[in-house]
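Quick notes on the structure that follows.
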Amino acid sequence: MLDVITIGDGMITFNPKNTGPMRFVNEFERKVGGAELNFAVGCARLGLRSGWISRVGKDEFGKFVLNFMRGEGVDVTEARLVDGYPTSVNFKEIRESGDGKTFYYREKSPTETMTLEDIDEDYIKQAKVLHITGVFPAISERNIELVRRAVSLAKKHGLKVSFDPNIRLKLWSAAKAREVLQSFLPDVDILLVGIEELSFLFEMEEQEEAMIDQLQPYNIEAIVIKKGAEGSVGYIHGQRLQVPGFPVGKVVDTVGAGDGFDAGFIYAWKQNWTAERMLTFANAVGALVVSVAGDNEGLPDLDEVLEMMGEKQRIER
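Going by full-length UniProt numbering, the letters in the sequence shown line up with residues 1 to 317, in that order.
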């Protein structure tokens, strides 16, 4: 039995060893990344049993990705090596503020070899939550149908579907992104989204109340708006609640913070906590992620989050 399953591309991420424009960076460090991959790792570190459906190249990078995931305790039964397709790669550019850009090299992704039959019903039905993002369907047209099949099986077997639009306009057009991402909404139980992403999806100004009205027809159980350092806003069980974020001494790298937030919220949701505690916990995870360089190096374990929340004493010596 698994608590949560996700489906997505896994990549080798090259992190710069110094900040500034990438053309002036001479050294990079090899890491592992990918939105859904980060989410699966984040869930596993918190103590959930997570599974990852994917394909990576049958090359040294692909073997490294699978070994990394196994080491994190993520189930990789449905993640396989494939011949003839290179493992996806990206390079990161990080500025002094911690903000940055990502440059993708993921054409001919190994996930292009996946078919509808590769989304195994027996694997899906053993879980409690299916987590999807807008990244995987942006990579290729075929992936859209793979996500639809995974969602269909999840609904058939009573799984909750959580969704982070995670919009990547470097991978597809704005019009296509809106069309596909909006089409997922009727099946979503938990929506984890940024205010700017809602503005993009509905082509309207960033007015929270108006955008929430646009979501009402979908009857989503939990709508969570991520606001970075400001914390988050939740519309959960018909109630609006705003919870402030946690102060961070220095923002080192913002990449992966949203994925960590998602993992934190799904963990908290699984515990049946109050709405305030769920949002507080997810905010703490996001804050911890931005204080460490790397896509997933800052994803915390449960004790670290509880220490951040002041619920567990930190013993340093």
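Note that CB positions come from ideal geometry on N, CA and C, so glycine has one too.
Closest residue to residue 78 among 311, 118, 234, 209 (Cα-Cα distance) | Your numbering for residue 78 matches position 78 in the sequence shown. With distances taken between Cα atoms, residue 78 lies closest to 118.
Would you list the residues sitting across from residue 236 in a DSSP beta bridge?
-> Within the sequence shown, numbered from 1, the residue matching residue 236 stands at position 236. According to DSSP, which records beta bridges pairwise, residue 236 is partnered with 222, 239.
Residue 318 bridges to which residues according to DSSP?
-> In the structure as shown, the chain starts at 1 and stops at 317, and residue 318 therefore has no counterpart that could be examined.
Have a look at the DSSP bridge pairing and note the partners of residue 33.
-> Position 33 of the sequence shown, counted from the start, is the residue given in the question as residue 33. DSSP, once it has assigned bridges, lists 11 as partnering residue 33.
Distance CB(residue 188)-CB(residue 144) smaller than 7 Å | Counting from one through the sequence shown, the residue named residue 188 turns up at place 188. Counting from one through the sequence shown, the residue named residue 144 turns up at place 144. It is not a contact, given that the beta carbons lie outside the stated cut-off.
Roughly how many whole angstroms lie between the Cα atoms of residue 227 and residue 255?
-> Numbered from 1 along the sequence shown, position 227 holds the residue referred to as residue 227. Numbered from 1 along the sequence shown, position 255 holds the residue referred to as residue 255. So the alpha carbons of these two residues sit roughly 14 Å apart.
Measure from the alpha carbon of residue 125 to the alpha carbon of each residue in 103, 151, 104, then state which is nearest.
-> Locating residue 125 in the sequence shown gives position 125, counting from the first residue. Selected option, being the one with the closest Cα: 151.
Mapping DSSP to helix, strand and coil, what is residue 67?
-> Locating residue 67 in the sequence shown gives position 67, counting from the first residue. Helix, per DSSP.
Which class does residue 127 belong to by DSSP, given the choice of helix, strand or coil?
-> Your numbering for residue 127 matches position 127 in the sequence shown. Residue 127: coil per DSSP, three-state reduction.
Residue closest to residue 46, alpha-carbon to alpha-carbon, out of 290, 313, 284, 166 | Translated into the one-based positions of the sequence shown, residue 46 becomes position 46. Residue 46 has its Cα closest to that of 284, out of 290, 313, 284, 166.
Beta-carbon proximity list for residue 178, same chain, < 8 Å, skipping 5 on both sides | Stepping through the sequence shown from its first residue, residue 178 is reached at position 178. Once the five neighbours on either side are set aside, the close Cβ partners of residue 178 are 200, 201, 203.
Backbone CA spacing between residue 251 and residue 88 [nearest angstrom] = Locating residue 251 in the sequence shown gives position 251, where the first residue counts as 1. Locating residue 88 in the sequence shown gives position 88, where the first residue counts as 1. Taking the straight line joining both Cα atoms gives about 27 Å.
Is DSSP giving residue 143 helix, strand or coil here?
-> For the purposes of this step, residue 143 is taken as residue 143 along the sequence shown, with counting starting at 1. Of the three classes helix, strand and coil, the one that applies to residue 143 here is helix, per DSSP.
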